[in-house]
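Remarks on the structure that follows.
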């Protein structure tokens, strides 16, 4: 029986679009990622009782 191909999904944040672009280009050019999507995000969370 063959195993299905594995994949990994990694989520991270960056301090700017420029930083996100630099990370994306580094990953793709080094073939560490086949595709990187950069998108704006809005987070809603509770932190230490706030």
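Numbering (my numbering), first residue to last: 1 to 50.
Virtual Cβ for every residue (Gly too), placed ideally from N, Cα, C.
Distances from the alpha-carbon of residue 41 to those of 2, 17, 6 and 5 put 17 closest.
At least 8 Å separates the beta-carbon of residue 20 from that of residue 26. Of the candidates 49, 4, 43 and 48, the residue whose Cα lies closest to the Cα of residue 12 is 43.
When secondary structure is reduced to three states using DSSP, residue 38 falls in the coil class, being assigned neither helix nor strand.
Pairing residue 37 with residue 31, the inter-Cα distance amounts to about 15 Å.
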